[in-house]
Amino acid sequence: EAGVAQSPRYKIIEKRQSVAFWCNPISGHATLYWYQQILGQGPKLLIQFQNNGVVDDSQLPKDRFSAERLKGVDSTLKIQPAKLEDSAVYLCASSLDSSANEQFFGPGTRLTVL
Amino acid sequence: GENVEQHPSTLSVQEGDSAVIKCTYSDSASNYFPWYKQELGKRPQLIIDIRSNVGEKKDQRIAVTLNKTAKHFSLHITETQPEDSAVYFCAAWGGGADGLTFGKGTHLIIQP
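Those protein sequences? They're chains A and B, same order as listed. Residue numbers for the first sequence follow our numbering, so the first one is 52 and each next one is one higher. Residue numbers for the second sequence follow our numbering, so the first one is 4 and each next one is one higher.
Structure (structure tokens):
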């Protein structure tokens, strides 16, 4: 079974620029999560999708971050404009559904904002 | 919302000894507690999990215990090996839209 795919793996941008990350979850997984992991900390949930609907985006800085999962499969996370403090690894994870099940993580995208 | 505290932040043990990492959570409604291992530059991977209707679970050298009354759970690794060196994260799942709340991680160092 293929795992969660993410691209790009690395991205370096200057502050105030825009950036987008892509995630392809495990086939058949209805729930998709985006996490932000700042160096030395645990992952922090940004947004959770159930199929193509948002379940929770309470920790997403909506003035600059946006995410979509239009067809209920792939998802994109966008930051516009980026700030220095957005430097982090952005992890995508998926699970069968939104109940208490194992979440499978992708390799992450390491973002550096200069 | 849920708050998860994890201790210690760094743990160094001799190869072959045991390691224990402890976490506390705040939301008594949380009912699923996974532990993830993250090697440097790699993705977090689930190593063991426990649900609130169970007090202890074991998988070879790894065990997890849960005390619902005290709202704390612990990871136990016995006969540690060099490949156990990594950062370990505990997490608590409060249900539905709350998702997983992670602790800040424990850097486990196995000394040869």
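Just so you know, even glycine gets a beta-carbon here, dropped at the ideal spot from N, CA and C.
CA-to-CA distance, residue j to residue i, given in whole angstroms
i, j, result
"glutamine 131 of chain A", "histidine 75 of chain B", "39 Å"
"serine 138 of chain A", "tryptophan 85 of chain A", "15 Å"
"phenylalanine 92 of chain B", "threonine 13 of chain B", "12 Å"
"cysteine 26 of chain B", "alanine 94 of chain B", "8 Å"
"valine 90 of chain B", "tryptophan 38 of chain B", "11 Å"
"aspartate 125 of chain A", "proline 115 of chain B", "44 Å"
"glycine 54 of chain A", "phenylalanine 156 of chain A", "8 Å"
"glutamine 101 of chain A", "alanine 66 of chain B", "31 Å"
"aspartate 52 of chain B", "phenylalanine 36 of chain B", "6 Å"
"threonine 72 of chain B", "glutamine 48 of chain B", "28 Å"
"aspartate 87 of chain B", "proline 11 of chain B", "16 Å"
"valine 70 of chain A", "alanine 56 of chain A", "18 Å"
"leucine 78 of chain B", "glutamine 68 of chain A", "42 Å"
"glycine 44 of chain B", "serine 31 of chain B", "33 Å"
"phenylalanine 72 of chain A", "glutamate 136 of chain A", "17 Å"
"leucine 142 of chain A", "leucine 96 of chain A", "9 Å"
"threonine 104 of chain B", "isoleucine 89 of chain A", "14 Å"
"leucine 111 of chain B", "arginine 115 of chain A", "36 Å"
"cysteine 74 of chain A", "glycine 91 of chain A", "23 Å"
"threonine 109 of chain B", "proline 85 of chain B", "16 Å"
"arginine 60 of chain A", "glutamate 153 of chain A", "23 Å"
Whole-Å CB distance - residue i paired with residue j, under 8 Å assumed
i, j, result
"serine 21 of chain B", "threonine 81 of chain B", "5 Å"
"asparagine 103 of chain A", "glycine 79 of chain A", "15 Å between Cβ atoms; not a contact."
"valine 140 of chain A", "isoleucine 64 of chain A", "With 8 Å as the limit, valine 140 of chain A and isoleucine 64 of chain A do not qualify as a contact, their Cβ atoms being about 15 Å apart."
"isoleucine 113 of chain B", "glutamate 42 of chain B", "Wrong, their Cβ atoms sit about 13 Å apart, outside the cutoff."
"glycine 97 of chain B", "glutamate 8 of chain B", "Actually they do not touch by this definition, with Cβ atoms about 15 Å apart."
"glutamine 110 of chain A", "threonine 82 of chain A", "Not a contact, Cβ separation roughly 16 Å."
C-beta atoms of residue i and residue j nearer than 8 Å
i, j, result
"lysine 66 of chain A", "lysine 134 of chain A", "yes"
"aspartate 107 of chain A", "glycine 102 of chain B", "yes"
"valine 23 of chain B", "threonine 83 of chain B", "no"
"glycine 159 of chain A", "arginine 46 of chain B", "yes"
"leucine 128 of chain A", "lysine 62 of chain A", "no"
"isoleucine 77 of chain A", "serine 145 of chain A", "yes"
"asparagine 56 of chain B", "serine 29 of chain B", "no"
"arginine 54 of chain B", "asparagine 34 of chain B", "yes"
"lysine 40 of chain B", "isoleucine 50 of chain B", "yes"
What residues from the segment 44-57 of chain B come within 8 Å of chain A, judged by C-beta to C-beta, listed N to C? Result list: Lys45, Arg46, Pro47, Gln48, Leu49, Asp52 and Arg54.
Give the residues from the segment 111-137 of chain A that approach chain B closer than 7 Å (Cβ to any Cβ), ordered along the chain. none
Which residues, taken in chain order from the segment 26-37 of chain B, show a beta carbon closer than 8 Å to some beta carbon of chain A? Asn34, Tyr35 and Pro37
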